[in-house]
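Quick notes on the structure that follows.
4 protein chains.
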Amino acid sequence: AVSSRKPSRKLNSLERRYELPGDDEMSMVDSFTKAHNEYSRIATKSTSLLLNELWTKKSIPDDGWSEHSIELFLQWIASHDSNNRIDMAPLGAGEREGRVASSMVRRLHCGLTHGIGRSGNLCEVQPKALGSSMLNCLANEFALHALKTLGLHSVKGALVIPLCTGMTMMMCMAHWRKMRPRARYVIWSRVDQKSCFKAILAAGFEPIVVDPLREGDSLLTDVPEIRRMLEKNADEVLCVITTTSAFAPRAPDDIVAVGTLCSAHSVPHLVNNAYGLQSAECTRRILECRASGGRLDAFVQSLDKNFQIPVGGALVAFFKQSHAAAFAQFYPGRASCVPARDFVLTLLSQGTRGLQAEFDRQRRLFERMRRKLRTFAEEIGETVYEVEENLISLAMTLCTIPASKQTLFGAVLFSRGITGARVVPSSTKKTSVEGHEFVNFGSHSTDQHAGYLTVACGVGMREDELEELFARLVSTYGRFLRKNVGRDVRIGGRSVNFESDEDEETLADPY
Amino acid sequence: AVSSRKPSRKLNSLERRYELPGDDEMSMVDSFTKAHNEYSRIATKSTSLLLNELWTKKSIPDDGWSEHSIELFLQWIASHDSNNRIDMAPLGAGEREGRVASSMVRRLHCGLTHGIGRSGNLCEVQPKALGSSMLNCLANEFALHALKTLGLHSVKGALVIPLCTGMTMMMCMAHWRKMRPRARYVIWSRVDQKSCFKAILAAGFEPIVVDPLREGDSLLTDVPEIRRMLEKNADEVLCVITTTSAFAPRAPDDIVAVGTLCSAHSVPHLVNNAYGLQSAECTRRILECRASGGRLDAFVQSLDKNFQIPVGGALVAFFKQSHAAAFAQFYPGRASCVPARDFVLTLLSQGTRGLQAEFDRQRRLFERMRRKLRTFAEEIGETVYEVEENLISLAMTLCTIPASKQTLFGAVLFSRGITGARVVPSSTKKTSVEGHEFVNFGSHSTDQHAGYLTVACGVGMREDELEELFARLVSTYGRFLRKNVGRDVRIGGRSVNFESDEDEETLADPY
Amino acid sequence: AVSSRKPSRKLNSLERRYELPGDDEMSMVDSFTKAHNEYSRIATKSTSLLLNELWTKKSIPDDGWSEHSIELFLQWIASHDSNNRIDMAPLGAGEREGRVASSMVRRLHCGLTHGIGRSGNLCEVQPKALGSSMLNCLANEFALHALKTLGLHSVKGALVIPLCTGMTMMMCMAHWRKMRPRARYVIWSRVDQKSCFKAILAAGFEPIVVDPLREGDSLLTDVPEIRRMLEKNADEVLCVITTTSAFAPRAPDDIVAVGTLCSAHSVPHLVNNAYGLQSAECTRRILECRASGGRLDAFVQSLDKNFQIPVGGALVAFFKQSHAAAFAQFYPGRASCVPARDFVLTLLSQGTRGLQAEFDRQRRLFERMRRKLRTFAEEIGETVYEVEENLISLAMTLCTIPASKQTLFGAVLFSRGITGARVVPSSTKKTSVEGHEFVNFGSHSTDQHAGYLTVACGVGMREDELEELFARLVSTYGRFLRKNVGRDVRIGGRSVNFESDEDEETLADPY
Amino acid sequence: AVSSRKPSRKLNSLERRYELPGDDEMSMVDSFTKAHNEYSRIATKSTSLLLNELWTKKSIPDDGWSEHSIELFLQWIASHDSNNRIDMAPLGAGEREGRVASSMVRRLHCGLTHGIGRSGNLCEVQPKALGSSMLNCLANEFALHALKTLGLHSVKGALVIPLCTGMTMMMCMAHWRKMRPRARYVIWSRVDQKSCFKAILAAGFEPIVVDPLREGDSLLTDVPEIRRMLEKNADEVLCVITTTSAFAPRAPDDIVAVGTLCSAHSVPHLVNNAYGLQSAECTRRILECRASGGRLDAFVQSLDKNFQIPVGGALVAFFKQSHAAAFAQFYPGRASCVPARDFVLTLLSQGTRGLQAEFDRQRRLFERMRRKLRTFAEEIGETVYEVEENLISLAMTLCTIPASKQTLFGAVLFSRGITGARVVPSSTKKTSVEGHEFVNFGSHSTDQHAGYLTVACGVGMREDELEELFARLVSTYGRFLRKNVGRDVRIGGRSVNFESDEDEETLADPY
């Protein structure tokens, strides 16, 4: 009897509430207070629930949050930093008190001004910046969760580092120096991107460059050469660096084989996985290396290239939690909390579903890009390199354009708003990087070729962007051939219209 | 005659314009168009003038800009990055295209998402991120201008580094490694702050710790010991690190003497000037070292501690422009442009006048803080250490509080919202930092003392904050003495009221 | 020869530029300056082009602008207001100078603080607030363009009014007072929404309420009664008010017939088209009334309901441009520019294509909603009213719920997060609105019925929202029937699960 | 014993917490969780306290809040609107669901999109927009509190109206129409500002214009004429409108005398107090009218002119609470919540102390402006009108400038960035406002004079602005006299330099 009375009371109150606001007799304030008492409790309660659940689980939500919820979260986090204390004006009697002179800058940081880290430990809690510390903790937990979501289930520790990929690689090497006091060298499977190479130098080691081997169209890891180098003097080798994500025709390195070698010689193995999270093949190799007993001490990826946040951070991952803790402890000082913040905000707005959807779209669009490029290549008498294991970028030969004009073709593409596409001419010239010389820099190998064009399908590319890319590529190519090679070309069944006035115009303002 | 006609035409048009908008006969759009044509030109012109002048001069304006002008500047800068192109949709066919998944994150970065640096050169222009590159260039020019404004006229090169002080020190050491292939050690005049010490280890060197000497109340550089160490094996020393800004009773290091030694032994000299820009004494020493022919290769300062921007950046300064260029070129990769942005925005909003005013206020308030602390110390039977050359922080003895309760006193101060004030008890315990042991860590020296309290007057502190600081310090001290020492104390002529209910309350929620 | 040299020079420069930034010999500033000179011009030029094209055309762009472009536009507009002058500090010696005390408020208004209007003319240009005036001019031009885009080609003048629909209707009536000095009455085809009725009273007229007639399921305009009223004393009638958009079973008024009557009696005709822009039927009737020679002096629509901007503005449209000008001139004072700003920003971000897509989706989703509601009604033994001409809302009978429980059912729906759905019980009670009594208020007619539920498909509803709406409706109905009517119901082939714990929970926190 | 143990436990925990974060043994997450549990509770608690205290008191805080606290408040308020619900996705099945198409617009409204008011009552609570309703309630309570803070203690009801002064006056008149069915006229003590006059016409009444009388330099209320008009036919008079704040030489109307007349004839009295809150004299008269038994039904003031928020709102005040409630109930529809929001945000950021300080500064600066203008006038042979009761604006004769050049002088002042200063030439011309003719419009009276210049010292003017105003006034006057009158003038002991190039420059770009 009692239990049946309760619901009916609830229902009466419910009905009253639904009609209540029209009650003309109450004063404005009374009516406000009444409504407030009845409704506000629920709003407050659901806010608390949302935030508490986030803390309890410390995992990316399944579905993305609304912008309002994320803003509320940010304000709430910021309330935990002492300079935002609400109950008591903060009094800073130290030398670093989170003061911000410009109100615009304060706003762009959402009041989170203390950075992360303490006493040279990136993960330590700052008592006067609990909010920033919470955000950093959350970023690291989200990082682990994101990696697992993307299939890397055996990863055990992950850190969001407020440094880019190259610097993070450098810190990994510096960190391992103490463990390997006799080490002087780093074996590096060549990939023509300067940051990683410079990281070796900055860490104070001598790079041993191992050029990849051409097999078919692909450039593959020269595993035998790496073995020889290790056999020669493993003791003096700090680590071997391999790379998963590179521009075709460079294929991902043979991480599994290198991991086995490293294990056999007890040499650390560092993987540059810059933008490899978006490639099922790169992820597969990392997992397999580990599963097959190979050594893989850490792998580093870019936050901007994989998670679409502004440049500034990297994610370093380990297969042991203690490795993550040791790395964090090694860092000399404090750091920006911006990459951690951006990473958390992005994943809160996407949810695991949104994150997964982004990577699924990349896979779908890459397939479409490959089909379209092959069709285009066929029509103009070129070939797309077969580099089956590279699931991000493609390379197409440029034999229809004389070697002397290839660089210009790249410039024209850039002037038409196509960024990131690169024309790679072949060259026997030597390029010096901090005193080390590379022949044919840009081609990942001294091997000569006839010039090619690379294009990538990065995560974040949209369907319409891909269509527009090919539209501009086709028209630019057609005009270029007529103007600079003196040849007309028919693509898609019709000759390219390159007579329009716009052409001259564009060349005049070519940026 | 002609010249007299011109002004009168102008004046007639001027008069008409002043009355014009009431013209009832024109249609809404006509009247708008007319007014727009007459006025808009001027608005556009003055905007262009403002921005062009900034680029031409590349110097901090005398007076700060309005928030509107700064916002306009930011939007304008961002328009130069390819992902914000207005005339043509950007097509990203590379692996890093400045895409941002979360619109909130994009906003917090004002559309500047590409970061700075290219091919491992922090100062190189990114063709697809000209705006970010411009901002970075401006930041470096502003840095030089700010240093000169603060009196450091002989500085020739300065870089805003998106790393904190410790990491920047580490990069300096790593950079010098190649020049000094035999170096294994770094001589370090001890100051008990972990970041700098860890930076030596991270760079791969062995620290030679030189404890400061007590002279009067001050802890001064042990120049003779540094000389001994250099004489022993200068060749194996990478550099000597001195520190200008430290907590009293530590005084700024004797940079002039060390500079002379470094010059004599041809060993680089690196100065940790963390928050020293705000101290006329630190600045004076840097200048004098240089002027007297001493060696001083680089000095590093924190952006947050000196310029009140969020944690994340440092400013490294050199006396040769080529040194700055070489350092920028050494950096392995790309980096966040947030510290550069924050630095530029802050200085645009302050102008050199505002910047100067901030530092002048610090000087004024430090004097007031010293007077007030001396009065307080006298009343309670304590003493303020005489460390004449430290113009930022002060130390007061704590002999009225038993050694066993001193740490608790620090905790209570923190719970009352006073951050940054530190209680330093004396201890013979060893503290291990990455395997290196320090006796009496926190006191900058193994020397035992009776415990003291330090407080700093950092740039950005306000008058009312200083008053409130002493109000809380006095009341907290009074209550603490009664509760924990069982003694009443009279301050300012009256006994401290510590009976209020609030007391218990606060201790229950002590954060 | 000359012509051939020119392009090649261009191309060389282009090629150089593409490679340029790596040029190691230039100083940082030189390299920046060079790049800046070459690229910046284009960015600046394209910005100017974009904005100038907008001013020249004063029409909604075809495709929406990026957020960056819109922000740039806003800053640019704001630069034209005197308080944001960049070249000269503004000196306000008047009583209203656009000063804003709170920087947060300033930001929320993007620096546009002067409002619109001058000397009581909403469209007049304020010399000291040219930017705000430009925005307002643009809003009115966009309004006309938007109406034409939605098919209302014969409209000649439109104004964005910073008042909601009711107040704007009131201003229309007040405006016409002078033309019709003998008028005392307004004939109003009843629709049970208080604002419009109150607008008549606020304008100082006596409403003559004409109840609609039931025909089939629909409630249609009682044209004969309106004719009788007009024949009785047209001279004393200020205008006839009809309504296009109302909740089913109320159909849009027969504007064509009423327009013919108004024309015959020379009485103005005012149409309340509150959210009718999204209905092809409402738009069609307005056009037809005009095309058939009927009278239709003005029609008013809500900005928030049709264009998804926050509450605060209406759009009043006329078939003569001079009517718009006269209306603007009648307004006593100045007004907020926020609705104009929101309207312009929204249309800039959508473009005409985006705007059209929003309305197309409403049409598609309304059809789906009708199908789903019919299926649901059939399953539970209810009927959806046939009101063919209402293309926005639907009504379903509620005969399975006793009259006494219907209000509670509405309350429960609200507690489940379904807002806007209304349960309309039948009643013989009189409701008093400002002294005028209505029988069965809410039902648009004194006619008694068995209670019904209305739901609308407004512009902005999304596919997933519609699905979720039906999911919650079904489950709520099922539980309600079991709990409050003691009856189980099977929907979609299975009995509704209402045993879950969540049920009690939700009722306990029913907001 | 028990009680003594408790504090010591607290202290131990406190001490531990102060040292805790360095605890190396805990995992990152454990350490975070521990710190979070200990500190977070306090942050959350103090936030709740702050917001709850605001609701309980519903009054402006004494001291302004920090920007962080205000942002938190806004997010919290917004959480109460159904479209921002966090626990359950809102499902809008109505025609107005607070949807916002543009995310930028959503942000500029902080998610508060539903507006205020319901069923034509501005103060009614919207169940689906509780947050917006709360904000509106708070705005009205703050309005009352602000008026009391400014000395208007006897005021009993106040409403923030999302309409400007003129429209709000119009609504007052429309509201009173029903009470006075025979009324046809409104008696208006002339002040030459169009909005208020138009408001009378828009409300549907015939203005009876009573020109002020000149007494000494001042233009004072013609009380005898108002008495005559009332005696003639009080029944047909809706109300008398007086004005407190007007440009010198117009003095505030004699509200006390008019109030007595209105009381005697039982005619409502409406006071246009546009920017009068900042004048102690205007406030005094309002209070005295009421205290002396005079009638004063409502007084209206601008939110922008008195409280420095963007144009868009007014504040109407009553001496009976029921009058406020009746007015709110009369409003036909819903309205923007922006003025309420801006008003609340501004007062939260100022606190009563900040608000008071703003008005105190106006008083101080007005005195300074009067002194400076008198000195200037004396030097150039002009006179400042003696209008003792006008404490906001000043008028100075312009006999040294020929009548034919006076308008041009005004234009030149405007071109020098001095906005708001007005040159008023005398004229016998008739100006027509909506069909009513005024002789010498702008001078508040048909009385002829020799031309004068007015300047005002509005709330918000700063010290440096006042100085710069006089600097520009002096130099502009000097140049103008030389160029256009052919006469040199010496001011401040030296002849004005008008030879500079800048002169021509400025005239060329005169905006």
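Chains as they are written, first to last, in my numbering: chain A, 173 to 683; chain B, 173 to 683; chain C, 173 to 683; chain D, 173 to 683. No residue lacks a Cβ here, since even glycine has one placed at the ideal position from N, Cα and C.
In the DSSP output, which residue or residues are listed as bridge partners for residue i?
i      : result
A:H608 : A:V605
A:L566 : A:V627
D:H347 : None, per the DSSP bridge assignment.
What does a CB cutoff of less than 6 Å around residue i pick up in its chain, not counting 5 residues either side in sequence?
i      : result
A:H621 : S598
A:K602 : E609, V611
A:A301 : D253, H286
B:P440 : W348, C411, D469
Pick from the options: whose alpha carbon is nearest that of residue i?
i      : options                        : result
D:D532 : D:I564, D:T555, D:V559, D:S275 : D:I564
C:G526 : C:V395, C:G632, C:A261         : C:G632
C:S231 : C:E530, C:V516, C:T432         : C:V516
B:V332 : B:A512, B:Q298, B:Y503, B:I372 : B:A512
B:E387 : B:K655, B:E640, B:S617         : B:S617
D:W237 : C:S275, C:D636, C:N308         : C:S275
A:T591 : A:Y447, A:E640, A:D660         : A:E640
B:L519 : B:Q247, B:M260, B:V627, B:H317 : B:H317
D:G264 : C:A643, C:V627, C:R654         : C:V627
A:Q528 : A:G303, A:F479, A:R662         : A:F479
D:A436 : D:L442, D:G465, D:Q450, D:G448 : D:G465
When we look at the beta-carbon of residue i and count the other beta-carbons within 10 Å, is it buried (16 or more) or exposed?
i      : result
A:Y357 : buried
B:M351 : exposed
A:E539 : exposed
B:R400 : exposed
C:K370 : buried
D:N224 : exposed
Going by beta carbon distance, what residues of the same chain come within less than 7 Å of residue i, once the five residues before and after it are set aside?
i      : result
C:S615 : D364, V596, S598, H621
C:T579 : V595, P597
Exercise. For the segment 293-318 of chain D, which residues have a beta carbon sitting closer than 8 Å to at least one beta carbon of chain C?
Worked result: Of all residues in the segment 293-318 of chain D, P299, K300 have a Cβ within less than 8 Å of some Cβ in chain C.
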